[in-house]
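Residue numbers (the numbering used here): 71 to 301.
All C-beta atoms in this analysis are idealised placements derived from N, C-alpha and C, irrespective of residue type, glycine included.
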Ligand code: ADP
Ligand code: MG
């Protein structure tokens, strides 16, 4: 199996604000390997979300190259191979918690009918249990707190078997203890799997749990090296 999941060279993304251009990502080059645990650190506006969306093939670079050597063609990546936990609320309002968590499986099944209903219910129950959401299974998103919604989004991101999980400030709305518990559950779930994890965060406590930190500053990505943390 190939180890390189995502590889980028001189990846740039510029947004246009009328006459003005904002360079959200400036010539970033990086490699994401199997099993990596990366904290993407940087202040608000530094380009973290832009980079995650490019890694998820949800956005197209203005220039540069991005490839997914071990993952396949770009249109097949989401949500089966790569899952993205959005920074903003992303649950579908008419669906229950349980139905929201099942969505990636439904989409994958639609692509591959042979797989239909193969253990989907069990997978959803396991994903809910992983993040302590069993009691909320039949609730609608409007009945949840912001922190509960983030946990549901995280459960949804782990329900399939993605090879990359990109989480955009997933503990941003949680108190320290709840944020740590969410991270514990995620890291425990991914232990001994090849799945790579990239978490955008402001929180040094989150960065310390990862193996390496990538720093973003005004669109410039620097690989700051390994952390001393034990994931
Ligand atoms: P972060 O996630 O680190 O807060 P972002 O990637 O959201 O940073 O934003 C990086 C820069 O790009 C910011 O200056 C932001 O204003 C700008 N930007 C982000 N998204 C858009 C967009 N859709 N249109 C225009 N500018 C954007
Ligand atoms: Mg952001």
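Cα-Cα separation between residue i and residue j, rounded to whole angstroms
i, j, result
"residue 123", "residue 129", "6 angstroms"
"residue 216", "residue 114", "19 angstroms"
"residue 88", "residue 260", "43 angstroms"
"residue 272", "residue 239", "8 angstroms"
"residue 83", "residue 131", "5 angstroms"
"residue 178", "residue 254", "27 angstroms"
"residue 209", "residue 166", "5 angstroms"
"residue 300", "residue 267", "Residue placement at residue 300 is flagged as unreliable, the pLDDT there being 47, under the threshold of 50; a coordinate-derived value is accordingly withheld."
"residue 148", "residue 175", "11 angstroms"
"residue 285", "residue 258", "25 angstroms"
"residue 159", "residue 295", "31 angstroms"
"residue 107", "residue 237", "11 angstroms"
"residue 111", "residue 118", "8 angstroms"
"residue 73", "residue 283", "19 angstroms"
"residue 168", "residue 195", "8 angstroms"
"residue 250", "residue 243", "12 angstroms"
"residue 199", "residue 125", "28 angstroms"
"residue 280", "residue 192", "29 angstroms"
"residue 288", "residue 219", "29 angstroms"
Any non-hydrogen atom of ligand 1 closer than 8 angstroms to residue i Cβ
i, result
"residue 286", "yes"
"residue 241", "no"
"residue 94", "yes"
"residue 259", "no"
"residue 86", "yes"
"residue 289", "yes"
Buried or exposed by the 16-neighbour rule on C-beta atoms within 10 Å, applied to residue i
i, result
"residue 245", "exposed"
"residue 90", "exposed"
"residue 81", "buried"
"residue 227", "buried"
"residue 137", "exposed"
"residue 155", "buried"
"residue 135", "exposed"
"residue 139", "exposed"
"residue 170", "buried"
"residue 263", "exposed"
"residue 162", "exposed"
"residue 189", "exposed"
"residue 79", "exposed"
"residue 151", "buried"
"residue 85", "exposed"
"residue 133", "exposed"
"residue 211", "buried"
Heavy atom of ligand 2 within 8 angstroms of residue i beta-carbon
i, result
"residue 238", "yes"
"residue 114", "yes"
"residue 270", "yes"
"residue 157", "yes"
"residue 263", "no"
"residue 119", "yes"
Cβ-Cβ separation, residue j to residue i (assumed contact under 8 angstroms), whole Å
i, j, result
"residue 291", "residue 98", "4 angstroms"
"residue 75", "residue 141", "6 angstroms"
"residue 109", "residue 276", "6 angstroms"
"residue 224", "residue 252", "6 angstroms"
Cross-strand partners of residue i (DSSP beta bridge)
i, result
"residue 100", "78"
"residue 91", "86"
"residue 121", "DSSP lists no partner for residue 121."
"residue 268", "108, 236"
"residue 296", "282"
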